[in-house]
Amino acid sequence: MRTASRTAEHVALFRALETRRRDRLFADEHAIRFLSARYRWLVLAARVPPLGQGIARLIDHRYPGGPRTSAVARTRLIDDLLAEAEPEQVLLLGAGYDSRAHRIPGMPPTYEVDHPATQRAKRQHISHRPHVHYVPVDLNSESLAVALDGIPARRTVVIWEGVTNYLTEQAVDATPRDLTTIVAQGSRIIFTYVDRAALGADTAWHREVEKAGEPWTFGLHPADVPGYLAERGLDLEGDLSAKEAAARYHRDEPAAGFYRIAWAVVR
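In UniProt numbering, the protein residues as written are 1 to 267.
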């Protein structure tokens with residue numbers, strides 16, 4: 001049986017550390033619940049500002065390229081895009097340890113889709129909320145359309161954060177095609193992807209995800225994204241690198257130019 005995602009835990013660590021900052025971009029008090037003991041100690045230590053700054057610098061030094069800042073900048077950007085959209089329901093694809101359904105007040109009905117192993121681990125550490133519905137699916141081998149059969153065709157925000165780079169090309173291709181048959185016209189999909197040119201690079205970041213058994217397998221050239229989406233019934237509205245997102249929030253720390261956040265509307 002596959003264990004819970006290690007990369008999901010790393011993102012939870014970055015969110016928990018961000019929450020301890022005085023200049024935080026968001027507050028996620030749930031993130032620490034998903035961490036192993038060694039990571040919890042780091043987060044507890046980070047409550048002391050000099051220690052928190054030192055831990056952040058240590059992570060950035062060990063993993064050049066900015067995975068920490070990229071993760072928190074994308075989280076804040078997606079939070080803002082979600083708030084602007086005011087959807088009737090939310091669909092979290094590959095939800096990992098995303099806690100938006102718990103930390104953002106007034107969230108509409110939310111469907112969390114993820115690999116069964118990660119979903120089981122998550123549910124052990126977070127309380128039940130009546131507006132949250134869990135849908136266990138392995139997107140690399142199971143049909144999203146079948147799994148979500150019967151959910152209301154409402155105006156939806158789909159958040160597909162930190163997922164596409166771990167999927168097969170076939171799974172990424174099928175997902176937006178399925179989504180356009182599930183959600184209402186005018187719904188929005190917010191997703192992250194890596195620049196295809198970065199696949200196979202030999203960096204500490206790449207080596208870490210490979211060590212975790214979750215290598216990057218998919219990417220897109222940014223110039224190809226508008227056409228790629230158009231072929232699948234979506235119109236691109238925006239596309240920023242994590243570095244650009246960090247700059248938007250005045251965060252002058254290392255972030256990736258090849259890691260990107262895009263959003264599109266369903267025709």
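Quick reminder that beta carbons are idealized off the backbone N, C-alpha and C, glycines included.
Measuring straight from C-alpha to C-alpha, what distance separates residue i and residue j?
| i | j | result |
| --- | --- | --- |
| Arg260 | Pro222 | 9 Å |
| Val183 | Ile159 | 13 Å |
| Leu167 | Lys243 | 23 Å |
| Ala204 | Arg267 | 40 Å |
| Asp173 | Asn165 | 12 Å |
| Met1 | Ala117 | Residue placement at Met1 cannot be trusted, given a pLDDT of 39 that sits under 50; the coordinates are not used to answer. |
| Gln53 | Arg21 | 9 Å |
| Pro176 | Asp23 | 36 Å |
| Thr216 | Leu77 | According to the sequence shown, residue 216 is Trp rather than Thr. Rounded to the nearest angstrom, the two C-alpha atoms are 22 Å apart. |
| Tyr193 | Val163 | 8 Å |
| Asp202 | Ser127 | 40 Å |
| Ser141 | Arg129 | 28 Å |
| Glu208 | Arg154 | 39 Å |
| Asp79 | Ile190 | 10 Å |
| Leu25 | Val11 | 15 Å |
| Gly219 | Leu144 | 20 Å |
My output table needs one value for residue i: the three-state DSSP class, helix, strand or coil.
| i | result |
| --- | --- |
| Met1 | Caution is warranted here: a pLDDT of 39 is assigned to Met1, below 50, making its placement in the model unreliable, and the coordinate value is therefore given only provisionally. Looking at Met1 - three-state DSSP - the assignment turns out to be coil, as it is neither helix nor strand. |
| His133 | strand |
| Gln53 | helix |
| Leu234 | strand |
| Thr110 | strand |
| Tyr193 | strand |
| Thr203 | coil |
| Ser241 | strand |
| Ile159 | strand |
| Glu124 | It is worth fixing the name first, because residue 124 is Gln in this sequence and not Glu. Three-state DSSP puts Gln124 in coil, outside helix and strand. |
| Tyr259 | strand |
| Val43 | helix |
| Ala95 | coil |
| Ala264 | strand |
Mind checking whether residue i and residue j have CB atoms under 8 Å apart?
| i | j | result |
| --- | --- | --- |
| Ala27 | Tyr97 | no |
| Val43 | Leu17 | yes |
| Glu161 | Val135 | no |
| Ala255 | Thr69 | yes |
| Gly233 | Trp263 | no |
| Leu240 | Leu229 | no |
| Ser36 | Glu214 | no |
| Val137 | Ala147 | yes |
| Ala45 | Ser99 | no |
| Glu253 | Asp60 | yes |
| Val72 | Phe34 | no |
Stretch pair the stretch 121-134 + the stretch 46-60: three plus CB contacts closer than 8 Å: no
Cβ contact (3+ pairs, closer than 8 Å) linking the stretch 104-111 and the stretch 83-93: yes
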